[in-house]
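Residue numbers (the numbering used here): 792 to 887.
Just so you know, even glycine gets a beta-carbon here, dropped at the ideal spot from N, CA and C.
These numbers were taken from a predicted model, which means no experiment stands behind them.
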């Protein structure tokens with residue numbers, strides 16, 4: 792594979808990832824969820840949102856989960872997450 796073809800392939804993966812992110816952001820927006828940021832991690836979108844009632848609904852349905860992401864002397868910090876349309880959607884459960 793030439794350097795040009797490899798770059799084009801990477802660019803196509805990035806374009807596909809951003810298209811996925813756009814669709815999920817539209818889905819979240821329709822439901823009144825505030826999107827804070829989008830990053831790509833290994834060409835996969837990670838969308839950070841504000842905590843919303845949708846998060847609680849998905850947790851109750853078993854479609855979302857918590858991950859412990861750190862600790863201090865008093866408590867741990869957790870992050871909520873769920874997958875939607877090929878994107879990982881996350882929110883802080885410690886700061887809301």
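Whole-number beta carbon distance between residue j and residue i, since they are thought to touch under 8 Å
i, j, result
"residue 846", "residue 882", "6 Å"
"residue 884", "residue 871", "5 Å"
"residue 812", "residue 838", "6 Å"
Spatial distance of residue i from residue j (CA atoms)
i, j, result
"residue 852", "residue 796", "43 Å"
"residue 867", "residue 799", "42 Å"
"residue 816", "residue 826", "7 Å"
"residue 850", "residue 803", "33 Å"
"residue 801", "residue 857", "31 Å"
CA nearest to the CA of residue i, picked from the options
i, options, result
"residue 822", "848, 859, 854", "848"
"residue 808", "860, 829, 824", "829"
The ligand FMN heavy atom lying under 8 Å from the CB of residue i
i, result
"residue 861", "Ligands displayed in this structure: none; no statement on the ligand FMN is therefore possible."
Same chain, Cβ closer than 8 Å to residue i, five either side skipped, listed in chain order
i, result
"residue 824", "840, 841, 843, 845"
"residue 805", "831, 834"
Neighbour-count burial assignment, residue i, 16 or more Cβ in a 10 Å radius
i, result
"residue 880", "buried"
"residue 819", "buried"
Cutoff 7 Å; reference residue i; Cβ partners in own chain excluding five residues on either side
i, result
"residue 860", "868, 869, 870"
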